[in-house]
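With the sequence shown counted from 1, adding 519 to any position gets you the numbering used here. Here is the structure we will look at.
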Amino acid sequence: MTASYDFLDTSPVIPVIAIEAIEHAVPLAEALVAGGIVNLEVTLRTQHGLDAIRLINEQVPGANVGVGTVCSAAEFDAAVEAGASFVVSPGQSDELFERALLTDVPFLAGAVTATEAMAAQSRGFNLLKFFPAGTSGGAAAIKAFAGPFADIQFVPTGGIKPENAQEYLSLSNVRAVGGSWLTPGDLIKGGRWDEIEAIARQASSLNA
Ligand code: 3PG
Numbered sequence: 520m521t522a523s524y525d526f527l528d529t530s531p532v533i534p535v536i537a538i539e540a541i542e543h544a545v546p547l548a549e550a551l552v553a554g555g556i557v558n559l560e561v562t563l564r565t566q567h568g569l570d571a572i573r574l575i576n577e578q579v580p581g582a583n584v585g586v587g588t589v590c591s592a593a594e595f596d597a598a599v600e601a602g603a604s605f606v607v608s609p610g611q612s613d614e615l616f617e618r619a620l621l622t623d624v625p626f627l628a629g630a631v632t633a634t635e636a637m638a639a640q641s642r643g644f645n646l647l648k649f650f651p652a653g654t655s656g657g658a659a660a661i662k663a664f665a666g667p668f669a670d671i672q673f674v675p676t677g678g679i680k681p682e683n684a685q686e687y688l689s690l691s692n693v694r695a696v697g698g699s700w701l702t703p704g705d706l707i708k709g710g711r712w713d714e715i716e717a718i719a720r721q722a723s724s725l726n727a
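Put into structure tokens, the structure is as follows:
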């Protein structure tokens with residue numbers, strides 16, 4: 520495995536996206552990219568996830584589209600086949616680690632306990648999703664992990680908003696943050712892409 524996680528340096532905020540209608544995928548991605556948010560996590564929470572990844576890949580230059588809510592090796596494979604350039608899971612499992620180790624695709628497994636962090640590290644994964652951040656101790660918990668786990672960095676998601684994103688991003692062991700606040704359902708349904716671009720622009724001014 521020689522996966523590179525450098526893509527996270529280009530923008531430290533990752534929108535966690537659930538596509539409810541396939542026609543939203545391209546204009547939504549265009550608005551986010553126009554606002555400076557280029558790493559997009561399209562989740563498999565809806566039936567449109569894989570098609571959305573394909574369409575964004577084909578039609579939105581500048582987007583780096585990955586996949587989220589990946590819970591099995593089959594989903595990992597299907598998403599990479601659809602063009603996902605990174606893979607995010609809310610948790611971790613042997614089958615996911617084994618699949619990720621067979622590829623060069625960056626994989627962010629989930630961990631919120633010391634035991635889970637150690638399990639991922641022992642498989643060679645040092646960049647982990649911390650989910651659900653808000654109910655798992657928040658920034659204070661991640662800060663505490665910096666002592667025992669000097670080599671591990673986290674991408675917290677879950678309960679992160681503009682008001683607290685910078686608190687997380689200021690931690691030395693936080694590489695990026697993610698969340699659904701960039702893609703409010705009412706703005707998407709209403710096709711209010713300019714407003715989503717404005718949210719993205721504000722988010723892209725946050726510093727890791
Ligand atoms: C995730 O999968 O990362 C979360 O659903 C995002 O959490 P949020 O909706 O609280 O931002």
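Note that the Cβ used here is the ideal one computed from N, Cα and C, for glycine as well.
Can you name, in chain order, every residue of its own chain whose Cβ lies under 8 Å from the Cβ of residue i, other than the five neighbours on each side?
{"i": "A665", "result": "L690, S691, N692"}
{"i": "P546", "result": "G710, W712"}
{"i": "K469", "result": "One cannot answer for residue 469 here, as it falls past the ends of the chain, which runs 520 to 727."}
Helix, strand or coil: which one does DSSP assign to residue i?
{"i": "N645", "result": "coil"}
{"i": "E560", "result": "strand"}
{"i": "N726", "result": "coil"}
{"i": "G697", "result": "strand"}
{"i": "P546", "result": "helix"}
{"i": "I679", "result": "coil"}
{"i": "I490", "result": "No answer is possible for residue 490: the residues shown for the chain start at 520 and end at 727."}
{"i": "Y687", "result": "helix"}
{"i": "E714", "result": "helix"}
{"i": "G709", "result": "coil"}
{"i": "A660", "result": "helix"}
{"i": "A540", "result": "coil"}
{"i": "Q566", "result": "coil"}
{"i": "A592", "result": "helix"}
Look up residue i in the DSSP assignment and give the residues it is bridged to.
{"i": "Q672", "result": "L646"}
{"i": "G585", "result": "E560"}
{"i": "V579", "result": "BP columns for V579 are empty, so no partner."}
{"i": "P534", "result": "G698"}
{"i": "V607", "result": "L627"}
Using a Cβ-Cβ cut-off of 6 Å (strictly less than) and excluding sequence neighbours within five positions of residue i, which residues of its own chain qualify?
{"i": "F595", "result": "V589, V606, R618"}
{"i": "I715", "result": "A550, L706"}
{"i": "T702", "result": "P534, I536"}
{"i": "K662", "result": "L690"}
Cutting at 7 Å between CB atoms, please list the residues of its own chain near residue i, excluding the five before and the five after it.
{"i": "S530", "result": "G555, I556, V557, N558, S723"}
{"i": "A571", "result": "I538, I541, A544, V561"}
Alpha helix (DSSP H) runs contained entirely in the region 613-642, provided each spans 4 or more residues: The region 613-642 contains these whole alpha helix (DSSP H) runs: 613-620, 633-641.
Cβ pair count under 8 Å reaching 3, the region 636-654 against the region 559-570: The region 636-654 is not in contact with the region 559-570.
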